[in-house]
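Presented below is the structure to which this report refers.
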Amino acid sequence: MALLETSKHSQGSVLGSMNPDLSSERQTASFSVEKLTALLDGGAEQTRIRRAVVEAIESDPVFSRENQYFQTQNERYEAAVRKAVHLQKKMHEMGWTENGPEYKYIYRALSGDVAFLLHRVFMRSISVLGSDKQIAKWIPLATQHKLIGSYAQTELGHGTYLQGLETTAVFDTATQEFILNTPKISAMKWWPGDMGRSATHTVVFAQLYIRGKCYGIHPFIVQIRSLQDHSPCPGITVGDIGPKMNFEHIDNGYLLLKNVRIPRENMLSKFCEVQPDGTYVRQGSQKINYFTMTTVRISLISDEVLTPLMKACTIAIRYSVVRRQSKLKPGEQEAKILDYQTQQEKLLPQLAAAYAFHFTNDYLQELFNRGYREIQRKNFDMLPELHALSSGFKAVITQHCTAGVEICLRACGGHGYSLLSGLPSLYTKILASCIYEGENTILLLQTARFLIKCFMAARAGQPVPPSVTYLAAVKHGKCPAKNKLDFLGPDIYTEAYQHVAVRLTSSTAAKLQDLIQSGVKKHDAWNQCTVQLVQAAKAHCHYIAVKNFAETVEKLETKAGIQKIMKHLCDLFALHGIFSNTGAFLHDGYTSAAQMDMVTASYLDLLAVIRKDAVPLVDAFDFTDQSLNSALGSYDGQVYQHLYEWAQKSPTNQMSPAYERYLKPLLHNTLSKL
Amino acid sequence: MHSAARFEAPLPARVNARSPLHHRRRGKGGHRQRPACLGTTWRRWSDVTRGRGRRSGEGNDSETGSGSGLISGSGRAAASAAAAMSVNADLRRERAAATFQPELLTHVLDGGPERTRRRKEIEALVLNDPDFQHEDLNFLSRSQRYEQAIRKSSLMVMKLREYGIADPEEIYWFKRTCLGNFPEPLGLHFSMFHKTIETQTSDAQKEKWLPLVREVKIVGTYAQTEMGHGTHLRGLETTATYDPSTQEFILNSPTVTSIKWWPGGLGKTSNHAIVLAQLYTQGQCKGLHAFIVPIRQLGTHEPLPGITVGDIGPKFGYDEMDNGYLKMDNFRIPRENMLMKYAQVEPDGTYVKPVSDKLTYGTMVFIRSLIVGDSARSLSRACTIAIRYSAVRHQSELKPGEPEPQILDYQTQQYKLFPLLATAYAFHFVGAYIKDTYNRISGDISKGDLSELPELHALTAGLKAFTSWTANAGIEECRMACGGHGYSRCSGIPDIYVTFTPSCTYEGENTVMMLQTARFLMKSYTQVTSGQQVSGMVSYLNDLPRQRIQPQHVAARTVTVRINDPTSLVEAYKSRAARLVESAAKNLQAELTHRKSKEDAWNRTSVDLVRASEAHCHYVVVKLFTAKLAEVGDTAVRAVLTELCLLYALFGISRNAGDFLQAGILTSAQITQVNQHVKELLAVIRPNAVALVDSFDFHDVHLGSVLGRYDGNVYENMFEWAKKSPLNKTQVHESYHKHLKPMQAKL
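From first to last, the protein sequence lines are chains G and S.
As numbered in full-length UniProt numbering, residues 1 to 674 make up the first sequence, in order.
As numbered in full-length UniProt numbering, residues 1 to 747 make up the second sequence, in order.
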């Protein structure tokens, strides 16, 4: 809590004092907020380090985001570049290093509002895909910012489907060079971050041609701007792709290559090399590379997906206890809107999901760490499972959290639509996560492919990875719950989720087989089942999330009230999932109509229970006012004052020329002069 | 309980439906497209929209384009002009394969060929007018966008006079083509301010104010919402205290929360406002009343002493609108500035009560019904963009070795988009139904016969919420279906979304609206259980007591649901609504017996109540869509609409399978059939998908989208568009000299 001093946001006048509607919520917490924060951070020591980083960043005015909602795209970009440059200095000053414990908190502390993120991707791709010689040459240059890198994969015409990329790199034996070209408009590189204005170099993915033969997609280091004056190199057309829903601070770019020649040594050649005579050589196993790509998908979950949802919950829930509207009981004061059941039903499931997915993320991280250790021992057995989990969870979590942020936005009435609430920019930012690093539908279908394969194997008695062993068990039972309290038993609901996941996978597998047996071609059959396959993949992930949450709760320490409140959230997460998808659970009669009424009753009861701890539960996320950057969500709850004072700083409150130019002639009936 | 008027959408006149509709539209700027600027190929409008031009397969002949016209008012032909001259081959093929004539469906949507013709004529006036062209708004700052909007508002006043366009609907067509999908800062002047003065003033007040308003000698807005209160109107805190010694009202904003907040056009544009305030006279509070308050000096436009006014800052969309704040400190206005048609304050301070205030009831029905139409149009636009783009975009492989297929051929893509297309059509018909119903009974209303109003009021509250929620989610789904490019502003969908999404909140927050509908449903249910009959859309509740005699009734009925027959599906939806209404009523009753307070019981049942309202609205939509089919004359058009209607109904069952299963209306086996049939319908609708969005007949200017261009030349035009980005103004960005170079020098 140390960080949340109200004085920080105080701007004089009535500010500085705590809104009593918020302080009363905090007095009744059933658990230790500080302990829960430590749990989320992975230990009190981590909390301490994180707070120190946040404190250092936020006390530095260069990193302030106070004006960001008022800035144009150009101003946002410039600020991000300034921050990126300043960050180098700051890190040096603070003694933070890229391998130090502070590093992972920097991005969160900056709320991602900084340029040159792709520079790191550039470096990583060289480390992973480059030969030792290439690493020795390029990494020091990049580390010292002698050059600024980007990563150019996506094209105007192709994204997730990599094989479809159209940029070409033709090897010219005579000069020992690759000649890079953008053969048509759809082949133009489009979207790469930092490329529009900043980058001097980029890793370009192109179809490699040697003596007329295509060898598929390969990475090449291409210099795109002069290191002297930053002007585009010959043959290069490069620029910014224009305004987007968010990420105004990032110069996502386009790149057109016209007979751009690069030396043979610029093809990243850890796995494949073109020898001077044009001989193409494969070397080593690509599987590590494959693993790295899979890792990226889950590495974004924490900062890009969970953090925005947690912030949105913090803003919406704090505002909902400050906002009073209408009366619940005649003669009383107007009620806090969080006391309305419908408001609880909007917000509390999002809060539960934020916790649930936090623990899912822990689970995935641990699994990947194990996977990494195995892979270093040259054991690649875990790869398919890791790939399926990372694809499925990337899709499920981004989709769920994006929807959750939007619900928070719309639960704040009109004020939610003000940029000063902070919610619109959280929403427009998180929703990009549904697309980048693999389009969600395609990722779910990859998970589904794994599920179907494992299902067939399991039914044939072959061994399958641990996360899918449940598919082998054929149970045709019924849900054993007898009253609504039974539905607060993790065994009952976990079993129900498992049942649905098995049913959806097995029925889709059966459908696929039927189609194929009836003569439909395999790929057609697959396309005809994709809607069901997506549902099966989602059910699988949902089941694992519920199961993991329940298991996590079991292991928590019982002291300080943490386990109890987490158990409530786990129950809510599980029952909300059933309540909002009743059809899946009623289908085939696993759950009866009467049982479904019990689910609803238990679910609604839980809302009232968690309501009491709602504010402490968001306080535990431990966001400072600066990181929330929201007039509605500040720790002191002085919502209206913040809103009023902040709005007055809007540039639109400077005199607009519109009056003299247009309004005055209109009012004075001299319209013809327009 | 009244409408929130979040963005202070206008209050139309109480009777004559037509005029308020369109005045209000203008007001809210409800329909915005980017005018004559983005992604427009200046093809001859008539050619494009005639079936001949569209379907001939020689679509390129229909282009008389003067450039790819990516942006730019200057009409500068862009580099890729040649490419933009021809219609993309995929789209040509799609159009040629349609099984019906799109213009016939357009007529159905417009309400007849004559109206289609006139609409196009009006639209052409704007489209062919160079005065209305300007730089792409995406590249302007908010202040610049505001200035552009003011310029256009002023121009429109002049042009509408010049053309002699006075019919409200025609004004609306004109304005939406000019404004694009964006609001105009003067919108509330023409709608709420004008209408309120027209309908709530005494004759003497009319005489004084109306000419000033009509001639735009003053610019006004409507200031209702405060920082602390929206939908719950009685909670407003602004005070107007009568001072008999000077015969003035003293206006005050006594708390921070009482500051007027959100009214459109208040921040920078208006010099007058109608202010809603708690009236105090002779020491008593008489509740909310409306006052005309001058806020800025005529001539200089400076705020008057005692007035603090400004813009509330950036929002999610609505960049051109100066939503404002207003704080009043002992600001005095003459007694005559209180709107006195109904309530009055006499010179000595005596308060004269209004006779009836029920007429505002009709107004709310009307405003909310407009949002239903808005939901339909906004969703239609998003569908048009996403479906055209999906026909142009090729990706990955369906069959090994074959060329990349159009993404519209993937089942998952169809599953995302076609149910939304069906929904857009459904909502069009629902919007038209409410408008017609309101028109039909508005005569009765003006005569004081309000008998049909409560039901219509309940229905529109619910449908406003139901359609705006659905459309809101649908627009986002369309955007997501466009992959990464949907996220770029050039797709146009972000603009459609940010402009539309506040309608979930303004004019009555959606959850509150659903609960109003629920209140009516509970009342009807109570009537039925006490032996009375109810009529209209809730008449299905009459069957409930009878059914209760045979507990197995519903199960017995399952076999009768025919999943290929819309009429039979209407029955299924009816049963679902009845079941959920009954279950909510019983839960409410149970809570009431356990608890003392009615309000508490209501609150503890509100999640159930919202579900019941949703089911009721869903039933109404399916019913109205089904009923519309019989009115369509052309066989081919009727066939394709029937497919959409079936898809709408079956998809809704599939998505809400739990309700149908739990109530025993359908069996698990039937749900499996429904799911299967949904997928079959996707394949059936696929060949007509492009023609079905063409039938909405949006001009490229209405769509404001590079991805949704009629000619499908997406990639060339994205490149042209991007080149105009402000970050591209100079080849080397100034940040290089300011930050990058010094850093590299130091390291």
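Note that the Cβ used here is the ideal one computed from N, Cα and C, for glycine as well.
- Less than 8 Å separates the beta-carbon of Q648 of chain G from that of G310 of chain S.
- Straight through space, the alpha carbons of S390 of chain S and C482 of chain S are spaced by roughly 7 Å.
- When rounded, the separation of the alpha-carbon atoms in A386 of chain S and S396 of chain S is 18 Å.
- By the beta-carbon neighbour count (other beta carbons within 10 angstroms, threshold 16), A630 of chain S is exposed.
- Note on geometry: alpha-carbon atoms of R562 of chain S and E571 of chain S lie some 10 Å from one another.
- Between I259 of chain S and H587 of chain G, the gap from beta carbon to beta carbon reaches 8 Å or more.
- Contact between L300 of chain G and S433 of chain G holds: CB atoms are separated by about 7 Å, below the 8 Å threshold.
- Inside the region 537-602 of chain G, DSSP marks whole alpha helix (DSSP H) runs of 4 or more residues at positions 562-579, 582-586, from first to last along the chain.
- Look at W173 of chain S: its C-beta is not under 8 Å from any C-beta on chain G.
- Cβ contact annotation for R297 of chain G (same chain, cutoff 6 Å, sequence separation greater than five): S390, K394, E437, in chain order.
- Each of S:A663, S:L703, S:T423, S:Q673 was checked against the Cα of L624 of chain S, and the nearest Cα belongs to S:T423.
- Taken residue by residue, none of the region 260-271 of chain G has a beta-carbon sitting less than 8 Å from a beta-carbon on chain S.
- Nearest to L186 of chain S by alpha-carbon distance, out of S:V213, S:L339, S:F100, is S:V213.
- In its chain, beyond the 5 residues on either side, R332 have a beta carbon closer than 8 Å to the beta carbon of T246 of chain S.
- The DSSP-derived three-state label of W261 of chain S is strand.
- Taking C-beta atoms under 8 Å as the contact rule, D277 of chain G and T173 of chain G qualify, at a distance of about 7 Å.
- Looking from the CA of M522 of chain S, the closest CA among S:V293, S:P502, S:V581 belongs to S:V581.
- In chain order, V674, N675, V678 place their CB closer than 7 Å to the CB of S654 of chain S, counting only its own chain and leaving out the 5 sequence neighbours on each side.
- Taken atom to atom, the span from the alpha-carbon of I262 of chain G to that of L268 of chain G is near 12 Å.
- Across the set G:H415, G:V222, G:V396, the C-alpha of G:V396 shows the shortest separation from the C-alpha of H540 of chain G.
- For A631 of chain G, the three-state secondary structure derived from DSSP is coil.
- The contact set of Q462 of chain G on chain S, defined by CB atoms closer than 8 Å, is empty, because the minimum CB distance reaches about 26 Å.
- Per DSSP, the unbroken alpha helix (DSSP H) holding E55 of chain G starts and ends at 44-58.
- Contact with chain G is absent for R576 of chain S, since none of that chain's Cβ atoms lies less than 8 Å from the residue's Cβ.
- For R282 of chain G and T175 of chain G, the gap between their C-alpha atoms comes out near 22 Å.
- Taking a contact to require three or more Cβ pairs closer than 8 Å, the region 502-522 of chain S and the region 606-619 of chain S qualify as touching.
- Chain-order list of chain G residues neighbouring K679 of chain S: Q528, V531, by C-beta distance under 8 Å.
- Identification of chain G residues near N603 of chain S by a Cβ-Cβ cut-off of 8 Å yields L328, D339, Y340, Q341, ordered along the chain.
- By the C-beta criterion, the region 433-444 of chain S is judged to be in contact with the region 365-381 of chain S, since at least 3 inter-stretch pairs fall below 8 Å.
- Assigned with DSSP and collapsed to three states, C214 of chain G falls in strand.
- Nearest in C-alpha terms to E34 of chain G, of all of G:Y644, G:K559, G:F220, G:K329, is G:K559.
- Burial is judged here by how many other beta carbons sit within 10 angstroms of a residue's own beta carbon; S535 of chain S has fewer than 16 and is exposed.
- The residue among G:S467, G:V405, G:I337 with its C-alpha nearest the C-alpha of G392 of chain G is G:S467.
- P276 of chain G sits in coil when the DSSP states are folded into three classes, being neither helix nor strand.
- At least one C-beta of chain S is nearer than 8 Å to the C-beta of Q325 of chain G.
- Counting only residues of its own chain and dropping the five nearest sequence neighbours on each side, D21 of chain G has a CB closer than 8 Å to the CB of V321, V322, R324, K336, G637.
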